[in-house]
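This report refers to the structure that appears directly beneath it.
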Amino acid sequence: MNKLLSILMICLLLTGCGKKTTEVKPDEFIQEDEVVESYTKMTLNGKDYNYNYSVSSILLLGIDAYLGDPLLGQSDFMSLIVFNKDDKKVSLLTIPRDTMTLVSEYRDGEELCAYVTHITLAYPLGGDSPSACARNSIAATSMMLNDVPIDNYISIPLTSLEDLVDVFGEMDIELEDDSLAFRNPDYVKGYMFHVDKNTIETYVRARDINVDNSALDRSKRQQIYLKRCMASMVDILNGNSSTSIARLLMLLESCNSNLTNAQIEKYMDYFKEYQTNGVDFKTIPGSPNNSSEYDEYIIDRSALDQMIVELFYK
Numbered sequence: 002m003n004k005l006l007s008i009l010m011i012c013l014l015l016t017g018c019g020k021k022t023t024e025v026k027p028d029e030f031i032q033e034d035e036v037v038e039s040y041t042k043m044t045l046n047g048k049d050y051n052y053n054y055s056v057s058s059i060l061l062l063g064i065d066a067y068l069g070d071p072l073l074g075q076s077d078f079m080s081l082i083v084f085n086k087d088d089k090k091v092s093l094l095t096i097p098r099d100t101m102t103l104v105s106e107y108r109d110g111e112e113l114c115a116y117v118t119h120i121t122l123a124y125p126l127g128g129d130s131p132s133a134c135a136r137n138s139i140a141a142t143s144m145m146l147n148d149v150p151i152d153n154y155i156s157i158p159l160t161s162l163e164d165l166v167d168v169f170g171e172m173d174i175e176l177e178d179d180s181l182a183f184r185n186p187d188y189v190k191g192y193m194f195h196v197d198k199n200t201i202e203t204y205v206r207a208r209d210i211n212v213d214n215s216a217l218d219r220s221k222r223q224q225i226y227l228k229r230c231m232a233s234m235v236d237i238l239n240g241n242s243s244t245s246i247a248r249l250l251m252l253l254e255s256c257n258s259n260l261t262n263a264q265i266e267k268y269m270d271y272f273k274e275y276q277t278n279g280v281d282f283k284t285i286p287g288s289p290n291n292s293s294e295y296d297e298y299i300i301d302r303s304a305l306d307q308m309i310v311e312l313f314y315k
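See below:
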């Protein structure tokens, strides 16, 4: 696909999403030297906090590639894994795809503008390579979290979901709502859904586009599935199955990521060491904007600031 056609397809994607934007004047951008200072300290409710340099993080991106082109995909799944080396704790922060926040748009490596839109669009607006797209998702996420640094990313196309079953195995998950009933009338709350290679796409990707804010229900299912995968990963890392570990490494290598082999090994050690504390699952606090023509998720800024302090400061 040539560059002109790619640009046209991105425009079609944005139009279909019903992007509502708020232009930002150039002098309103945070300058690079200010970004460095902005996250080192934070004041909340009259109390000062210092950034915890023992924290590291990985942004997970599930890319719903359009027409098989990863540059035209949106990050329909976003979750930030936060490792706290002081508390030996892992937290997983889910970011709803329709979260409204400031996003930059790039073309040919140059920033064109920035505006408030759905965070899922940070990926296709990031530029002309999967790495640039992922970095733009990191930038949008970091800015939303008061500029805290995000170290690494892993992006995987949602068309490769069967690979997850190869690594983490089949599993039975009880449905917590009726959000999949549009696919099958049996898929109602309490139904034991069997996730395998034939059904994982339904469980992880399906949503009724005729229902307002259906992406939030899907996001809950994605979080549940990821929670089960992380528990399975701990078992794999603590077991003696070289085959399972090899499959896990192959999955990571097939993803677009800036993780080095040394970093992968480090994070695997973290999972093994921190397993006794479990994983703390969180979601960006907010609520749907029911008055909007298109699905929007509006951040509860006060609650998010409190969550940022708990995750990244001391």
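Residues 2 to 315, numbered by this note's numbering, are exactly what the sequence shown covers, in order.
Even glycine gets a Cβ: it sits at the ideal position worked out from N, Cα and C.
Just so it is clear, the structure is predicted and the values come from calculations on it, not from any experiment.
>> In the DSSP assignment, the beta strand (DSSP E) including Tyr54 goes from what residue to what residue?
In response: Here residue 54 corresponds to residue number 53 of the sequence shown, with the count starting at 1. Where Tyr54 is concerned, there is no enclosing beta strand (DSSP E), given that its DSSP letter is neither H nor E.
> Buried or exposed: where does Pro27 fall if 16 or more other Cβ atoms within 10 Å of its Cβ makes it buried?
Replying inline: Start at 1 with the first residue of the sequence shown, and residue 27 comes out as number 26. Residue placement at Pro27 is poorly supported in this model, since its pLDDT is 34, which falls under 50; the coordinates are not used for a value here.
> Leu181 and Thr203 look like a contact to me (Cβ under 8 Å); what is the Cβ gap, rounded to whole Å?
Replying inline: As a position in the sequence shown, residue 181 is number 180, starting the count at 1. As a position in the sequence shown, residue 203 is number 202, starting the count at 1. Yes, Leu181 and Thr203 are in contact; Cβ-Cβ is about 7 Å, under 8 Å.
>> Check for me: the beta strand (DSSP E) holding Thr41 runs from which residue to which?
In response: The residue you call residue 41 lines up with position 40 of the sequence shown. First-last for Thr41: undefined, no H or E at that position.
>> Once the 5 residues before and after Ala209 are set aside, which same chain residues still bring their CB inside 6 Å of it?
In response: Here residue 209 is taken as the residue at index 208 of the sequence shown, counted from 1. According to the sequence as given, residue 209 is Asp; it is not Ala. The residues are Phe183 and Ser215.
> So, Asp109 versus Asp129, is the Cβ gap smaller than 9 Å?
Replying inline: Reading the sequence shown from its first residue, position 108 is the one you call residue 109. Reading the sequence shown from its first residue, position 128 is the one you call residue 129. In contact: Asp109 and Asp129 (Cβ atoms closer than 9 Å).
> With a CB to CB cut of under 7 Å and the five nearest residues on each side skipped, what residues in its chain are close to Ala304?
Replying inline: Looking up residue 304 in the sequence shown gives position 303. Within the same chain, Ala304 has close Cβ partners Pro286.
> Quick one: what's Tyr75 bridged to in DSSP?
Replying inline: As a working note, residue 75 is residue 74 in the sequence shown. Residue 75 is actually Gln in this sequence, not Tyr. According to DSSP, which records beta bridges pairwise, Gln75 is partnered with Asp65.
> Do Met308 and Leu94 have their C-beta atoms within less than 9 Å of each other?
Replying inline: Taking the sequence shown and counting its residues from 1, one reaches residue 308 at position 307. Taking the sequence shown and counting its residues from 1, one reaches residue 94 at position 93. Cβ atoms of Met308 and Leu94: closer than 9 Å.
> If you compare alpha carbons, which of Val168, Met269, Tyr268 and Glu254 is closest to Arg229?
Replying inline: Reading the sequence shown from its first residue, position 228 is the one you call residue 229. Selected option, being the one with the closest Cα: Val168.
> Alpha carbon to alpha carbon, how far is Thr244 from Ile237?
Replying inline: Indexing the sequence shown from 1 puts residue 244 at position 243. Indexing the sequence shown from 1 puts residue 237 at position 236. Those two C-alpha atoms are separated by around 10 Å.
> Of all the options Glu163, Ser76, Asn239 and Asp218, which has the alpha carbon lying nearest to the alpha carbon of Tyr271?
Replying inline: For the purposes of this step, residue 271 is identified with residue 270 of the sequence shown, where counting begins at 1. Residue Asn239 is the option with its Cα nearest to Tyr271.
>> Taking its Cβ as the centre, do 16 or more other Cβ atoms sit within 10 Å of Thr41, making it buried, or is it exposed?
In response: As a position in the sequence shown, residue 41 is number 40, starting the count at 1. That one is exposed.
> Do you know how far the Cα of Ile120 is from the Cα of Gln224?
Replying inline: Reading the sequence shown from its first residue, position 223 is the one you call residue 224. Reading the sequence shown from its first residue, position 119 is the one you call residue 120. Going from the Cα of Gln224 to the Cα of Ile120 covers about 17 Å.
> Taking C-alpha atoms, which residue in Asn53, Tyr314, Asn290 and Asn278 lies nearest to Pro97?
Replying inline: As a first step, residue 97 must be located in the sequence shown, where it is residue number 96. It is Asn290.
> Short check: CB of Phe313 to CB of Asn53, under 9 Å?
Replying inline: In the sequence shown, residue 313 corresponds to position 312, counting from 1. In the sequence shown, residue 53 corresponds to position 52, counting from 1. Yes, these two residues count as a Cβ contact at 9 Å.
> Does the pairing of the region 123-143 with the region 55-64 give three or more beta-carbon distances under 8 Å?
Replying inline: yes
> Can you tell me the Cα-Cα spacing of Ser44 and Leu162, whole angstroms?
Replying inline: On the sequence shown, residue 44 is found 43 positions in, with the first residue counted as 1. On the sequence shown, residue 162 is found 161 positions in, with the first residue counted as 1. Rather than Ser, the amino acid found at residue 44 in this sequence is Thr. The straight-line gap from Cα to Cα measures roughly 41 Å.
>> Please classify Val91 as buried or exposed, where buried requires at least 16 other C-beta atoms within 10 Å of its C-beta.
In response: Walking along the sequence shown from the start, residue 91 turns up at place 90. It counts as buried.
>> Alpha carbons only, please: which of His195, Glu266, Ser132 and Lys89 is nearest the one belonging to Tyr275?
In response: Counting from one through the sequence shown, the residue named residue 275 turns up at place 274. Answer by Cα proximity: Lys89.
>> Given this structure, state the Cα-to-Cα distance separating Pro131 from Leu159, to the nearest angstrom.
In response: Here residue 131 refers to the residue found at position 130 when the sequence shown is read from its first residue. Here residue 159 refers to the residue found at position 158 when the sequence shown is read from its first residue. The alpha-carbon atoms of Pro131 and Leu159 are separated by roughly 14 Å.
> What's the gap between the Cα of Val235 and the Cα of Glu294?
Replying inline: The count along the sequence shown starts at 1 and reaches residue 235 at position 234. The count along the sequence shown starts at 1 and reaches residue 294 at position 293. If you take the alpha carbons of Val235 and Glu294, they lie about 43 Å apart.
>> Please classify Val189 as buried or exposed, where buried requires at least 16 neighbouring CB atoms within 10 angstroms.
In response: Residue 189 sits at position 188 when you count from the first residue of the sequence shown. Exposed, by the Cβ-count rule.
> Helix, strand or coil for Pro158 per DSSP?
Replying inline: Start at 1 with the first residue of the sequence shown, and residue 158 comes out as number 157. Looking at Pro158 - three-state DSSP - the assignment turns out to be strand.
>> Quick check on Asn85: buried or exposed, where buried means 16 or more other Cβ atoms within 10 Å of its Cβ?
In response: Taking the sequence shown and counting its residues from 1, one reaches residue 85 at position 84. By the 10 Å Cβ count, Asn85 comes out buried.
> So Ala135 and Ser156 are in contact, right, with Cβ under 8 Å, and what is the actual spacing, rounded?
Replying inline: Your numbering for residue 135 matches position 134 in the sequence shown. Your numbering for residue 156 matches position 155 in the sequence shown. Going by Cβ atoms, the distance from Ala135 to Ser156 rounds to 5 Å, so yes, they are a contact pair.
> Relative to the C-alpha of Leu260, which residue among Gly47, Val212, Asp49 and Tyr154 is closest?
Replying inline: In the sequence shown, residue 260 corresponds to position 259, counting from 1. When each option's Cα is compared against that of Leu260, the closest is Tyr154.
>> Quick check: what's the CA-CA separation for Ala1 versus Met172?
In response: Only positions 2 to 315 of the chain appear in this structure, which leaves residue 1 out of reach.
> At least one CB of chain B closer than 9 Å to the CB of Arg108: is that the case?
Replying inline: Looking for chain B here will not work: only one protein chain is present.
> Which class does Arg302 belong to by DSSP, given the choice of helix, strand or coil?
Replying inline: By 1-based counting over the sequence shown, the position of residue 302 is 301. In this structure, Arg302 counts as helix in the three-state DSSP scheme.
> Exposed or buried, what is Arg219 when buried is set at 16 or more other beta-carbons lying within 10 Å of its beta-carbon?
Replying inline: As a working note, residue 219 is residue 218 in the sequence shown. Its Cβ being crowded by 16 or more others within 10 Å, Arg219 is buried.
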